[in-house]
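Novice: Attaching a single structure in structure tokens format; questions to follow.
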Amino acid sequence: MALNFIYRIPNFRVPLLNKESHDVISSIDEKVHDPMSQRRLVLIIVCVALLLDNMLYMVIVPIIPIYLGEKQKDVQTSPSPLSTAALSLTLNWTSTLKPERIKPTDSPHREESSSGAIGLLFASKAIIQLLVNPFSGTVMDRVGYDLPLFVGLMIMCLSTTIFAFGSSYTVLFIARSMQGIGSAFADTAGMAMIADIYVEETERTKALGISQAFISFGSLFAPPFGGILYDFAGKCIPFIVLALVALIDGFLIFLVMKPNRRERKQMQSSLPNATPIYKLILDPYIAVCAGALVMANVSLAFIEPTIARWMADTMQAKGWEIGMVWLPAFFPHVLGVYLTVRLAKTYPNKQWILTAAGLTMEGISCLVLPFCTNFFAVIVPLSVCCFGIALIDTSVLPMLGFLVDNRHVSVYGSIYAIADISYSLAYAFGPIVAGGIVRTIGFTWLNVGIFFSNILYVPILLLLRNVYDYKQFENEGAVLVTATPGTGPDVDYKTYIVNDEKEVPNGTMNHLKLDTNAPPPSYGSVSNAPPPARPPPPTVGAESRNSLGDLVDLNDRTDLK
Numbered sequence: 001m002a003l004n005f006i007y008r009i010p011n012f013r014v015p016l017l018n019k020e021s022h023d024v025i026s027s028i029d030e031k032v033h034d035p036m037s038q039r040r041l042v043l044i045i046v047c048v049a050l051l052l053d054n055m056l057y058m059v060i061v062p063i064i065p066i067y068l069g070e071k072q073k074d075v076q077t078s079p080s081p082l083s084t085a086a087l088s089l090t091l092n093w094t095s096t097l098k099p100e101r102i103k104p105t106d107s108p109h110r111e112e113s114s115s116g117a118i119g120l121l122f123a124s125k126a127i128i129q130l131l132v133n134p135f136s137g138t139v140m141d142r143v144g145y146d147l148p149l150f151v152g153l154m155i156m157c158l159s160t161t162i163f164a165f166g167s168s169y170t171v172l173f174i175a176r177s178m179q180g181i182g183s184a185f186a187d188t189a190g191m192a193m194i195a196d197i198y199v200e201e202t203e204r205t206k207a208l209g210i211s212q213a214f215i216s217f218g219s220l221f222a223p224p225f226g227g228i229l230y231d232f233a234g235k236c237i238p239f240i241v242l243a244l245v246a247l248i249d250g251f252l253i254f255l256v257m258k259p260n261r262r263e264r265k266q267m268q269s270s271l272p273n274a275t276p277i278y279k280l281i282l283d284p285y286i287a288v289c290a291g292a293l294v295m296a297n298v299s300l301a302f303i304e305p306t307i308a309r310w311m312a313d314t315m316q317a318k319g320w321e322i323g324m325v326w327l328p329a330f331f332p333h334v335l336g337v338y339l340t341v342r343l344a345k346t347y348p349n350k351q352w353i354l355t356a357a358g359l360t361m362e363g364i365s366c367l368v369l370p371f372c373t374n375f376f377a378v379i380v381p382l383s384v385c386c387f388g389i390a391l392i393d394t395s396v397l398p399m400l401g402f403l404v405d406n407r408h409v410s411v412y413g414s415i416y417a418i419a420d421i422s423y424s425l426a427y428a429f430g431p432i433v434a435g436g437i438v439r440t441i442g443f444t445w446l447n448v449g450i451f452f453s454n455i456l457y458v459p460i461l462l463l464l465r466n467v468y469d470y471k472q473f474e475n476e477g478a479v480l481v482t483a484t485p486g487t488g489p490d491v492d493y494k495t496y497i498v499n500d501e502k503e504v505p506n507g508t509m510n511h512l513k514l515d516t517n518a519p520p521p522s523y524g525s526v527s528n529a530p531p532p533a534r535p536p537p538p539t540v541g542a543e544s545r546n547s548l549g550d551l552v553d554l555n556d557r558t559d560l561k
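Right under this line is the structure:
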């Protein structure tokens, strides 16, 4: 329908391509209907959606606390507690932080109250996403992935527009919560769509790894992007740009997935019933994978809201240093994704080892972080931490798809809703409680706690060592022919004669009447042994009994004619 409407527009020559507009539209239509091209287009659209969601999540970090602090300063003559909270809560990214904005307030109680308010604003997205994900996963299992992705992008576009023009805390809180609803649909549908169109395990690992690289880039690039545009163009411009990207991406997914929607309508009656989400989470393998994703994100969820204050107090870090300290970590993250994809292709059954290694590296980097004394030293443990997260995410996400394929039904909405819940669980509590933990026991002991939690979870990952040993489509006939009792699958196969229903003794003959204890024939081998003597021909009057017990003449060969 969309292309038919475009064809009604008068034809014109596209300047950069030097082609007629209708020819360009026809070429796009061919790409959309070509399965291989469609897969690449879907991957690009999904990666842009995940990039956009994470940019929206992090772009407010350098903008909203300072913006609210400046509005509060216009009303009050005393130093604004919200501007102080801007430093205490995740201003580790911004390059726009001015020294006059980080003066301590005279009232610690008001500072804690304001920090809690902004922390709740930051965490509201993850909390709403956590609550909506079980519902969104079930919806995707029934209606597919393209429509929920489109709805999620439109909700994100609306929430971003509200961020652009909203001014009060209440309006911004509503916009942040709306983003959680959009993310619950867009993130889950995006990952489920990738798992659905990339069935082969190596390709799926590679595609999900590419999506993780876009997520990382969005999280690390958004704060400098937001801080610079906020400084030079005001609050509205960063959000308007991202809202336009969401609108265009939603239109593209609606256009590209049109052939799939037709096929789904035709096959609606034959589609399998998905496994409910509560049954999936009760699967021990899936539960361990979900726990690994939670632990992988605990470090960032608790360090991000607290590292800015710690850097300002211990090393007198400047604003640009606090804003840029995370950006170099993007490159180790991409390296971790690339390394995991390559190793998954070579050692497909050892993904749990990469997960354990990544979790161990995260814990060690958190233990080292409090002892760093300058800006460049802090970059090293944060880079190692992001490298470990890449190993975990790129290993576990394809594993979840594999588990659903082989232990449940190959419908991916609920399983990747569980993955999204795991991410949201860490970020729902980190911004709220991390500041209180630091004020109570200090930044060092917070990181020591993260270290022990990560290391203690590593032995649990041993439960995943046999995940890829499960074979769904094993040739059962070959097992029945070749398996010797006491070996092979833990199944006691028994064979019966059809006529008298008597059981054939195990170890003697199977249902194909082949002796499983006999040595295999050596076809084409050279032997000095004389050939076996042929049996003598039947004599006159030779008789025997057939399987029905009837007396037959062995000289009668009419059955061969």
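The end of the sequence shown is residue 561 by the UniProt record's numbering, with every number in the run present.
Each residue gets a CB set at the ideal place from its N, CA and C atoms; glycine is no exception.
Could you tell me the distance, in whole angstroms, from the CA atom of methionine 178 to the CA atom of methionine 55?
Specialist: Their backbone Cα atoms lie some 15 Å apart in a straight line.
Novice: Using a 10 Å radius around the Cβ and a threshold of 16 neighbouring Cβ atoms, would you call aspartate 420 buried or exposed?
Specialist: Under this definition aspartate 420 is a buried residue.
Novice: Give the straight-line distance between the Cα atoms of alanine 478 and serine 183, rounded to the nearest whole angstrom.
Specialist: Any reading at alanine 478 must be qualified, since the residue scores a pLDDT of 36, below 50, and its modelled position is unreliable; the value itself is stated next. Spanning the two alpha carbons is a distance of roughly 47 Å.
Novice: Is asparagine 454 buried or exposed, if buried means 16 or more other CB atoms sit within 10 Å of its CB?
Specialist: With 16 or more Cβ atoms within 10 Å of its Cβ, asparagine 454 is classed as buried.
Novice: Relative to the C-alpha of asparagine 133, which residue among Gly180, Ala344, Ala292 and Leu121 is closest?
Specialist: Ranking the options by Cα distance to asparagine 133, first place goes to Gly180.
Novice: Return the CA-CA distance between leucine 50 and phenylalanine 239, expressed in angstroms with no decimal places.
Specialist: Each residue's alpha carbon lies about 16 Å from the other.
Novice: Give the C-beta separation of isoleucine 418 and isoleucine 281 to the nearest angstrom, bearing in mind that I take them to be a contact with Cβ-Cβ under 8 Å.
Specialist: Between isoleucine 281 and isoleucine 418 the Cβ distance is about 6 Å, and since that is below 8 Å, they are a contact.
Novice: Excluding five sequence neighbours on each side, which residues of the same chain lie with their C-beta closer than 6 Å to the C-beta of alanine 213?
Specialist: So the qualifying residues of the chain are Val334 and Val337.
Novice: Report buried or exposed for tyrosine 347, applying the criterion of at least 16 other Cβ atoms within 10 angstroms of its Cβ.
Specialist: The residue in question, tyrosine 347, is exposed, as its Cβ has fewer than 16 Cβ neighbours within 10 Å.
Novice: Once you ignore the five residues that flank valine 526 on each side, which residues in its own chain have a CB closer than 8 Å to its CB?
Specialist: With a pLDDT of 47 at valine 526, under the threshold of 50, the predicted position of this residue should be treated as unreliable, and no value is reported.
Novice: Within its chain, find whatever has a CB closer than 8 Å to the CB of isoleucine 161; leave out the 5 residues flanking it on each side and keep chain order.
Specialist: In the sequence as presented, isoleucine is not what sits at residue 161; that position holds threonine. Contacts found: Phe239, Ile240 and Ala243.
Novice: Is it the case that the Cβ atoms of valine 42 and aspartate 249 are separated by a distance below 8 Å?
Specialist: Against a cut-off of 8 Å, the Cβ pair of aspartate 249 and valine 42 comes out as no contact.
Novice: Tell me the DSSP secondary structure of lysine 19 in three-state form.
Specialist: Of the three classes helix, strand and coil, the one that applies to lysine 19 here is strand, per DSSP.
Novice: Valine 199: which of Phe221, Ser410 and Met140 sits nearest, CA to CA?
Specialist: Of Phe221, Ser410 and Met140, the residue nearest in Cα terms is Ser410.
Novice: Taking just the CA atoms, how far does valine 384 sit from threonine 202?
Specialist: Distance between the alpha carbons of threonine 202 and valine 384 is about 25 Å.
Novice: Under a Cβ-count criterion, where at least 16 other Cβ atoms within 10 Å of its own Cβ denotes burial, should aspartate 469 be classed as buried or exposed?
Specialist: Exposed: under 16 other Cβ atoms inside 10 Å.
Novice: Select from Ala189, Leu229 and Leu382 the residue whose C-alpha is nearest the C-alpha of glutamate 362.
Specialist: Nearest of Ala189, Leu229 and Leu382 to glutamate 362, Cα basis: Leu382.
Novice: Taking 7 Å as the limit between beta carbons, can you name the residues of its chain near methionine 154, skipping five residues before and five after?
Specialist: Within the same chain, methionine 154 has close Cβ partners Gly250.
Novice: Once you ignore the five residues that flank glycine 388 on each side, which residues in its own chain have a CB closer than 8 Å to its CB?
Specialist: Correct list, in chain order: Ala296, Gly336, Ala357, Gly358, Leu359, Thr360, Met361, Glu362 and Ser365.
Novice: Run through DSSP, which three-state label would histidine 408 get?
Specialist: Correct three-state label for histidine 408: coil.
Novice: What span of residues does the alpha helix (DSSP H) with threonine 170 cover, start to end?
Specialist: Here the alpha helix (DSSP H) through threonine 170 covers 169-197.
Novice: DSSP three-state label for asparagine 447, please.
Specialist: In this structure, asparagine 447 counts as helix in the three-state DSSP scheme.
Novice: Is tryptophan 352 helix, strand or coil by DSSP?
Specialist: Reduced to three states, the DSSP call for tryptophan 352 is helix.
Novice: Just to confirm the assignment, what range does the alpha helix (DSSP H) spanning valine 241 have?
Specialist: Residues 236-256.
Novice: DSSP three-state call for glutamine 316: helix, strand or coil?
Specialist: In this structure, glutamine 316 counts as coil in the three-state DSSP scheme.
Novice: For isoleucine 228, which option in Leu158, Met324, Val288 and Gly119 has the closest C-alpha, if you only look at C-alpha atoms?
Specialist: The residue with the shortest Cα to Cα distance from isoleucine 228 is Met324.
Novice: Just the Cα atoms here: how many angstroms apart are valine 294 and glutamate 321?
Specialist: Each residue's alpha carbon lies about 29 Å from the other.
Novice: Assuming methionine 156 and leucine 52 are in contact, meaning their beta carbons sit under 8 Å apart, how far apart are those beta carbons, in whole angstroms?
Specialist: At roughly 7 Å, the Cβ-Cβ gap stays under 8 Å, so methionine 156 and leucine 52 are in contact.
Novice: Just curious, the alpha helix (DSSP H) that proline 459 is in, first and last residue?
Specialist: Careful: proline 459 lies outside any alpha helix (DSSP H) and carries neither H nor E.
Novice: Using the C-alpha atoms, what's the distance from asparagine 447 back to isoleucine 303?
Specialist: Cα to Cα, isoleucine 303 sits roughly 8 Å from asparagine 447.
Novice: Compare the C-alpha of isoleucine 450 against each of Leu463, Ala426 and Asn466 and name the closest.
Specialist: Nearest C-alpha to isoleucine 450: Ala426.
Novice: Could you tell me the alpha carbon to alpha carbon distance between residue 563 and isoleucine 437, rounded to whole angstroms?
Specialist: Since the displayed the chain opens at 1 and closes at 561, residue 563 lies outside it and no answer follows.
Novice: For the alpha helix (DSSP H) that contains cysteine 289, what are its first and last residues?
Specialist: 284-303 is the extent of the alpha helix (DSSP H) around cysteine 289.
Novice: Could you give the distance in angstroms between the alpha-carbon of glutamate 100 and the alpha-carbon of glutamate 70?
Specialist: With a pLDDT of 39 at glutamate 100, under the threshold of 50, the modelled position of this residue cannot be trusted; read the value that follows with caution. Cα-Cα distance, rounded: 11 Å.
Novice: For lysine 235 versus arginine 176, is the C-beta distance shorter than 8 Å?
Specialist: Contact: no.
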